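Visitor:
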Amino acid sequence: MEYNFRDIEQKWQQNWIENKVYKVANVSPKPKYYVLDMFPYPSGAGLHVGHPLGYIASDIYARFKRLKGFNVLHPMGYDAFGLPAEQYAIEHGIHPAVSTENNINNFRKQLDKIGFCYDWDREVKTCDPKYYKWTQWIFLQLFNAYFNRKTQKAESITQLIKTFEKEGNINHEIPNTGFQLPVTGNWKPETGNTFTADEWKTFDAFTQQSILMEYRLAYCGYGEVNWCEALGTVLANDEVVNGVSERGGHPVVKKKLRQWYLRITEYADRLLQGLQTVDFSDAMKEMQTNWIGKSTGAEIEFKIVLGEEHEVTEEKKGPIIHTSVSIAVTYAEETLKVYTTRPDTIFGVDFMVVAPEHDLIDHITTAEQKQTVDEYIAYVKSRSDRERQAEKKITGAFTGAYAVNPFNGKQIPIWISEYVLAGYGTGAIMAVPCGDERDFKFAKHFNIPITNIIGKHFNGEEANATKEVPLENSDFLNGIIMKDAIEIVVNKLVEMGIGKKKVNYKMRDAAFSRQRYWGEPFPIVWKDGVAYPVPEDKLPLELPEVKTYSPGPEGEGPLANIPDWIYQFQDADFIPPSGGKGALETNTMPGYAGSSWYFLRYMDNENENEFAGKQATDYWNQVDVYIGGTEHAVGHLLYSRMWTKALYDLGYISFDEPFKKLVNQGMIQGSSRFVYRLGNISYQIKCDKEAAFEYYNKNILIENEWQIIEKELLFQFTSFLSRIIPNIFLSKRHATNLDATAKSGLFIDQLNIITKNELEKNPNNFILSSKVEFDIINSLTINPLRVDVNIVDGFELDKEAFKKWRNGEFKDAILLGEALFNEAYICGDEIEKMSKSKFNTVDPSDLVEKYGADTFRMYEMFLGPVEQSKPWDTKGIEGVHRFLKKLWRLFYKEGSSAPSPSERAGGEAVWNQEKATDAELKILHKAIKKIEEDTERFSYNTAVSAFMVCVNELADAKCNKREVLEPLLIMLAPYAPHISEELWHALGNSNSILDAAYPTFNAQYLVESAKEYPVSINGKLRTNINIALDASQEQVEQIVLANDVVKKWVEDKPVKKFIFVKNKMINVVV
RNA sequence: GCCCGGAUGGCGGAAUUGGUAGACGCAGCAGACUCAAAAUCUGCCGUUCGCAAGGAUGUGCAGGUUCGAUUCCUGUUCCGGGCACCA
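The opening position of the first sequence corresponds to residue 35 in this note's numbering, with each subsequent residue numbered one higher.
(1) Pair every Cβ in the segment 257 to 268 with every Cβ in the segment 140 to 151, then say whether three or more of these pairs are closer than 8 Å.
(2) Confirm, please, whether the CB-CB distance from A462 to H397 is below 8 Å.
(3) To the nearest angstrom, how far is it from the Cα of K475 to the Cα of K426?
(4) Inspect the beta-carbon positions of Y706 and S813 and report whether they are closer than 8 Å.
(5) Are the Cβ atoms of K1082 and V1104 separated by less than 8 Å?
(6) Considering only C-alpha positions, which residue in the set C151, L107, A465 is nearest to K658?
(7) Report the residue from K517, A302, K478 whose alpha carbon sits nearest the alpha carbon of R376.
(8) Any chance you could list the beta strand (DSSP E) runs of at least 3 consecutive residues sitting entirely within the segment 657 to 708, in chain order?
(9) May I have the straight-line CA-CA distance separating I195 from T228, to the nearest angstrom?
(10) Is Q902 near L854, with beta carbons less than 8 Å apart?
(11) In three-state DSSP terms, what is I124?
(12) For A667, which residues of its own chain have a beta-carbon under 7 Å away from its beta-carbon, when the five flanking residues on both sides are left out?
(13) In the DSSP assignment, what residue or residues form a beta bridge with N105?
(14) What is the DSSP secondary structure of M110, reduced to helix, strand or coil?
(15) Where are the beta strand (DSSP E) runs, 3 residues long or more, that stay fully inside the segment 315 to 354, in chain order?
(16) Which residues in the same chain as E691 place their Cβ atom closer than 7 Å to its Cβ, once the five residues preceding and following it in sequence are excluded?
(17) Taking D238 as the reference, which of E120, P611, Y37 has the closest Cα?
(18) Roughly how many angstroms separate the alpha carbons of V983 and D93, rounded to a whole number?
(19) In angstroms with no decimal places, state the Cα-to-Cα distance between G127 and A366.
(20) In angstroms, rounded to a whole number, what distance separates the CA positions of E948 and I1093?
(21) Alpha carbons only, please: which of D378, V383, S329, L394 is nearest the one belonging to L370?
(22) Tell me whether A1044 sits in a helix, a strand or coil according to DSSP, three-state version.
(23) Where I702 and A123 are concerned, what is the direct C-alpha to C-alpha distance, given to the nearest angstrom?
(24) For K167, count neighbouring C-beta atoms within 10 Å of its own C-beta (all shown protein chains included) and say buried if the count is 16 or more, exposed if not.
(25) Which residue marks the beginning of the alpha helix (DSSP H) containing I782, and which one marks its end?
(26) Look up V472 in the DSSP assignment and say whether it is helix, strand or coil.
(27) Quick check on E273: does DSSP put it in helix, strand or coil?
(28) Taking all protein chains shown into account, do 16 or more other C-beta atoms lie within 10 angstroms of the C-beta of E937, making it buried, or fewer, making it exposed?
(29) Identify which residue in K956, L955, I957, T976 has its Cα closest to the Cα of I965.
(30) Decide if P390 is buried, meaning its Cβ has at least 16 other Cβ atoms within 10 Å, or exposed.
(31) Distance check for V882 and G851, CA to CA, integer angstroms please.
(32) Look at G628 and E43 and say whether their C-beta atoms are less than 8 Å apart.
(33) Is the number of C-beta pairs between the segment 240 to 256 and the segment 441 to 456 that are closer than 8 Å three or more?
(34) Would you call the segment 274 to 281 in contact with the segment 552 to 565, where contact means no fewer than 3 C-beta pairs closer than 8 Å?
(35) Three-state secondary structure (DSSP) at M386?
(36) Apart from the five residues on each side of it in sequence, which residues of its chain come closer than 6 Å, Cβ to Cβ, to M1005?
Printed below as a string of structure tokens:
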């Protein structure tokens, strides 16, 4: 009987649904285990073979843990809000809810075919009001909380108000240095941003609320966005290409808009500490650590001298530059604040650089420099942060102002440059060219003199960032090792009152609002310019139906266009003290809002009273294994960690790290295929004179693309042919060696045949009817086009399919194959991202249809390590399919004429109840050891190969014994659940294999008494010798040195060293 | 530019702690079965010299440590992911 995967898979999938075998209860005597996939975004393009990689890996693990006796939670759902659906709505007029629903259904169909063990009763969708009610609710918890630095945790904002009433904010300074919102109430913070209890009580409501906003974990402030005037909208970074919008190419500038933020920076230290308690890869921890970017340094205030008023003289005595200032100076009102991790280099500061956005620039730029500075700022405005940092070209402008070194009075020019970003530190740096490569290049480029403070350790050719050498040229620091000087300088600065030690984070607070429709509305109502929470009983605050998705008049989200929605509530809670109507917030939340807590909802997804019941979250607790790509390293993973910590602090859950272990799946890359279309050919043709003139008169020949050569009979043209016959394709060999192709007589003959054929098809073709004959080709170009990988077999193009492809766009294509005739056409290839637009996607459903889900699952795992990126190649799938057929034949005889699957008769079965021999049990237990270990550590590719080895060995041994086969099936069940279930029942079991017990490894079957030792002479392998495992070092030496091969290589040279590693190898050094 | 990862036969990969490089599979070659094909089975299969036995060489590149390096160290090239509004 044949292995009929279609019937088997259909039968069991149906059976599993009917019997609800994947339903998981929140109560169980078994230990719990939580296996989670990263939340998928249901894109319109559907699944390609890259997506299920992680899902299969987690599915195998979930099934494996179930066999090991755990109550396993393994849910799936959709991160369903997002930009693409809204963009699709704008372009096609289909409501995002509708297209999202379609996409989800399509996704589900594809997923179901692969046979996953998800408990679909726990499905969640972020765009479902029943779900986002709780996203909004959590937002309100964050809004109503602040981070108490004393206790290092989130606490209630009402608690903070009580504290203010009692003692002011003396013990709770405002977290950020500058106010996010301008305070225009009755308090003008001047020194230190502190106020007393009495002052607090005198503040009006607006002032109080503005101050509280500076503390809230979810707060409102101002931030820069990519603003596209022409489209009237805010654009995502990847919608901006080279400073213009991807759609339409309109200019994009930075614009400040009111935004919501999450105060994740307050959690920076706890996010760092938490990394020590979780099982993430070192690379992942490093990425998060770098992203948080904690550094310790100093903030230093420099007095500023305006440019006109200084006069500096420099005198060089030996290697030292003496600087003296001869004119009395007047200082600017403001000081320049810089953040530096290297205060020890203060005497090496040769210039300052401030970010082009810095407020100071307006005040300090001198009249002469104003135009230069303005022009430079205009240039920077059009550039993204990434471009600004990636730029190799050095740009900048001098403000004309100078800062003063507080220790020696040296005047330091203040520059602006795009490589300093406003958001990091104070938005200004002190540049030390001898110690920092970027500063060094800047100084060289603008001819700024460089002060050397590290003597011979600076060679003048490149900066040296050392901290380990003694300082020179540094006044009171001379001779002190740099890293020791750091503290000395900081102390001195503190003493002088112009600096302080400062911990800085690269991480910024997370922008939490989008000017879009398709996201969660904020449960916030604005009354007299103050944001108030919408009462919980109004949740969920649902999205309204809209007709258009265009932004509001000031760049707000589309909701701003719907007064009915904005003013929908009439209750007292929504009426401002000044009267009128309170307006709902019109921004919506970003994609990561819903995905920051979804793993909690799975635990108790139908709860209507809470985001998840405490009992459920206590039982399921942390996600034990979380599988997904590294692309989420610093976004989703940090935000969800922060939300978890906040919910923990506020007492809603009892764990403060969401994911105990993280497994990063690699990306499956696409292998794109190319065809090469002939482009311009510069060639000579023989053509009669009359025709040539007629072409010319009728403008068929374009000016400049032809010339007369050799009297008037030979003409040289370009691009002439491609206008008549556009679709001529060259096979890879010829397309990648154009010079040879151009010289090929065969190729020229072919072109002449093509034109002749064309003429036969169209006898009236005026152009061709003249005598046109190719003679010499001077040069040619080709245009590579991607072609759908699904119409290419390996590298050979299916020519008929190609002609039908894209509604017959290439139906007239002339494909010149490898020998320049009408034979095999070979495509070029390139490994790149798998994407619909590159025509290199492969649909898993097609493969499941052809080989079955079990084969597909195992093949995806067999491709390589889960963590590694690798290109997809469908070819190898046959091997895995053969393996399953071979397994099948251990149970059933292969029939020449297969009976129908329903006739699964015992007569064809070859499996038996005989007692297994030791040799057979050795095969089995070797497999148990390897497969169990490999599965546990996610090394699925080697586990699959161990299955293959085991089945090969059993087949060779002609072992069809149930005693061996049954445990093998149980091990296989996580990988290939359908065939395992089928054969499990064939062996006479009536329960499901899902609940079988995993076989136990017994080491006694693997005990060996001797080993074939590899023997090397001087590190080179020369022979193998079989030696008993319990042999002593002396015995081994004796045996080895007596061996003929060893003797031959040792000759008579004395043995210097004899290395014997038990159970490993032997090396003789002579 | 910055941060993280990767590179091993024609291809995907294996080698778990520094100890036989190339397991397993694909592709290829030769053969068996068959009227034939499919399916299946057997053998060969890094490169190179050699009839063979056997030798040399070989894990991106250049060095280093070691009795021994795909594995550790230094430098370097190329490729992939991320860089804060794609998800």
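Ideal Cβ placement from N, Cα and C applies to all residues, glycine included.
This structure is a prediction, so every number in the text was calculated from the model and none was measured.
Guide: From the atom records:
(1) no
(2) Working through the first sequence from its first residue, we reach residue 397 at position 363. Working through the first sequence from its first residue, we reach residue 462 at position 428. No. Outside cutoff.
(3) Along the first sequence, one-based indexing puts residue 475 at 441. Along the first sequence, one-based indexing puts residue 426 at 392. When rounded, the distance between both Cα atoms is 10 Å.
(4) In the first sequence, the residue the question calls residue 706 occupies position 672. In the first sequence, the residue the question calls residue 813 occupies position 779. Inspection of the sequence shows that residue 706 is occupied by Ser rather than by Tyr. The answer is no: Cβ separation not under 8 Å.
(5) Within the first sequence, numbered from 1, the residue matching residue 1082 stands at position 1048. Within the first sequence, numbered from 1, the residue matching residue 1104 stands at position 1070. No; because the gap between Cβ atoms is not below 8 Å, this pair is not in contact.
(6) Translated into the one-based positions of the first sequence, residue 658 becomes position 624. Looking at the sequence itself, residue 658 is Asp, so the reference to Lys does not match. Selected option, being the one with the closest Cα: L107.
(7) Along the first sequence, read from residue 1 onward, the residue named residue 376 stands at position 342. Comparing Cα-Cα distances from R376 to each of K517, A302, K478, the minimum goes to K517.
(8) 659 to 663, 696 to 699
(9) Mapped onto the first sequence, residue 195 falls at position 161. Mapped onto the first sequence, residue 228 falls at position 194. So the alpha carbons of these two residues sit roughly 14 Å apart.
(10) By one-based count along the first sequence, residue 902 stands at place 868. By one-based count along the first sequence, residue 854 stands at place 820. No, the pair does not count as a contact, with Cβ atoms beyond the cut-off.
(11) Translated into the one-based positions of the first sequence, residue 124 becomes position 90. I124: helix per DSSP, three-state reduction.
(12) Translated into the one-based positions of the first sequence, residue 667 becomes position 633. Excluding sequence neighbours, A667 sits near M318, M321, Q322.
(13) Within the first sequence, residue 105 is the residue found at index 71, counting from 1. Answer is K66.
(14) On the first sequence, residue 110 is found 76 positions in, with the first residue counted as 1. M110 falls in the coil class under three-state DSSP.
(15) 328 to 339, 346 to 351
(16) The residue labelled residue 691 in the question sits at position 657 within the first sequence. Counting only Cβ-Cβ distances below 7 Å, and skipping sequence neighbours, we find G308, T311, V312, Q656, R675, T678.
(17) Residue mapping note: residue 238 aligns to position 204 of the first sequence, counting from 1. When only C-alpha atoms are compared, the closest one is P611.
(18) Your numbering for residue 983 matches position 949 in the first sequence. Your numbering for residue 93 matches position 59 in the first sequence. Roughly 23 Å between the two C-alpha positions.
(19) For the purposes of this step, residue 127 is taken as residue 93 along the first sequence, with counting starting at 1. For the purposes of this step, residue 366 is taken as residue 332 along the first sequence, with counting starting at 1. Spanning the two alpha carbons is a distance of roughly 57 Å.
(20) If you number the first sequence from 1, residue 948 lands on position 914. If you number the first sequence from 1, residue 1093 lands on position 1059. Those two C-alpha atoms are separated by around 46 Å.
(21) Numbered from its first residue, the first sequence carries residue 370 at position 336. Checking every option, the nearest Cα to that of L370 belongs to L394.
(22) Position 1010 of the first sequence, counted from the start, is the residue given in the question as residue 1044. Note: A1044 maps to strand in three-state DSSP.
(23) The sequence position of residue 702 within the first sequence is 668, counting from 1. The sequence position of residue 123 within the first sequence is 89, counting from 1. Rounded to whole angstroms, I702 to A123 spans 29 Å at the Cα level.
(24) Position 133 of the first sequence holds residue 167. Label assigned to K167: buried.
(25) The count along the first sequence starts at 1 and reaches residue 782 at position 748. I782 -> alpha helix (DSSP H) spans 779 to 795.
(26) Reading the first sequence from its first residue, position 438 is the one you call residue 472. At residue 472 the sequence reads Arg, which differs from the Val that was named. Here R472 sits in helix by DSSP.
(27) Looking up residue 273 in the first sequence gives position 239. DSSP places E273 in helix when its eight states are reduced to three.
(28) On the first sequence, residue 937 is found 903 positions in, with the first residue counted as 1. Any reading at E937 is ruled out, since the residue's pLDDT is 42, under 50, leaving its predicted position unreliable.
(29) Taking the first residue of the first sequence as 1, we reach residue 965 at position 931. Taking only the C-alpha atoms, the option nearest I965 is T976.
(30) Translated into positions along the first sequence, residue 390 becomes position 356. Looking at its Cβ environment, which holds 16 or more other Cβ atoms inside 10 Å, P390 is buried.
(31) The sequence position of residue 851 within the first sequence is 817, counting from 1. The sequence position of residue 882 within the first sequence is 848, counting from 1. Whole-angstrom Cα-Cα distance: 33 Å.
(32) Start at 1 with the first residue of the first sequence, and residue 628 comes out as number 594. Start at 1 with the first residue of the first sequence, and residue 43 comes out as number 9. Against a cut-off of 8 Å, the Cβ pair of E43 and G628 comes out as no contact.
(33) no
(34) no
(35) Numbered from 1 along the first sequence, position 352 holds the residue referred to as residue 386. In the structure shown, M386 sits in a strand (DSSP, three-state: E or B).
(36) Stepping through the first sequence from its first residue, residue 1005 is reached at position 971. So the qualifying residues of the chain are I965.
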